[in-house]
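Heads up: the structure comes next, in structure tokens.
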Amino acid sequence: MDILWTGTPMVTMPLETLASRVASSQLCALGCPELVAESREDYINIAVRLGADVEYLNQIRAKVWRARTTSTLFDVKQYCTDIEDLFYKIWRRHEDGKAPDHITN
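The working numbering puts the sequence shown at residues 348 to 452.
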């Protein structure tokens, strides 16, 4: 996430690793799904385009830079509120004697 805060684009492809899936989620939350590859060939194409097409690279850099202040990805206050709500839901399930389950906002 630090790399995105600097306005530097990154390319990822969600696979088995947690890191690749987190990076994909971060890019989508930032509004940059075009940097999430769907295949190895797609990954290469995105990376090559960023390296070869300076105008495209500058557009993506500007998009990532602007998104830092508009995306919920870097809204720490909202993140804390959301995670508190999720913890509350977890605790309520426990108090109600329910089994653990997937939770969402």
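Glycine residues also receive a C-beta, built at the ideal position from the N, C-alpha and C atoms.
Short of 8 Å in beta carbon distance, which residues of its chain neighbour residue i, apart from the five on each side in sequence? Order them along the chain.
i, result
"M360", "S367, S371, V383, A384, E385, S386, R387, D389 and Y390"
"K436", "I450"
"L397", "P356, V358, Y403, L404 and I407"
"Q425", "T419"
With 16 other CB atoms within 10 Å as the buried threshold, where does residue i fall?
i, result
"I362", "The question names Ile, but residue 362 in the sequence shown is Leu. By the neighbour-count rule (16 or more Cβ atoms within 10 Å), L362 is not buried but exposed."
"P466", "Coverage of the chain is limited to positions 348 through 452, which leaves residue 466 absent and any answer about it impossible."
"L351", "buried"
Which same chain residues end up closer than 7 Å to residue i when comparing Cβ atoms and leaving out the 5 residues on each side of it in sequence?
i, result
"M348", "Q373"
"N392", "none"
What is the C-beta distance between residue i and residue j, in whole angstroms, given that I count them as a contact (C-beta under 8 Å)?
i, j, result
"A414", "G444", "With a Cβ gap of about 42 Å, A414 and G444 do not count as contacting."
"G354", "V411", "5 Å"
"D448", "R440", "7 Å"
Suppose the cutoff is 6 Å on Cβ atoms and the five residues either side in sequence are ignored; what does the same chain contact list for residue i look like?
i, result
"F421", "R415"
Completely contained alpha helix (DSSP H) runs for the segment 386 to 443, where each covers 4 or more residues:
Runs of the alpha helix (DSSP H) inside the segment 386 to 443: 387 to 399, 401 to 417 and 423 to 442.
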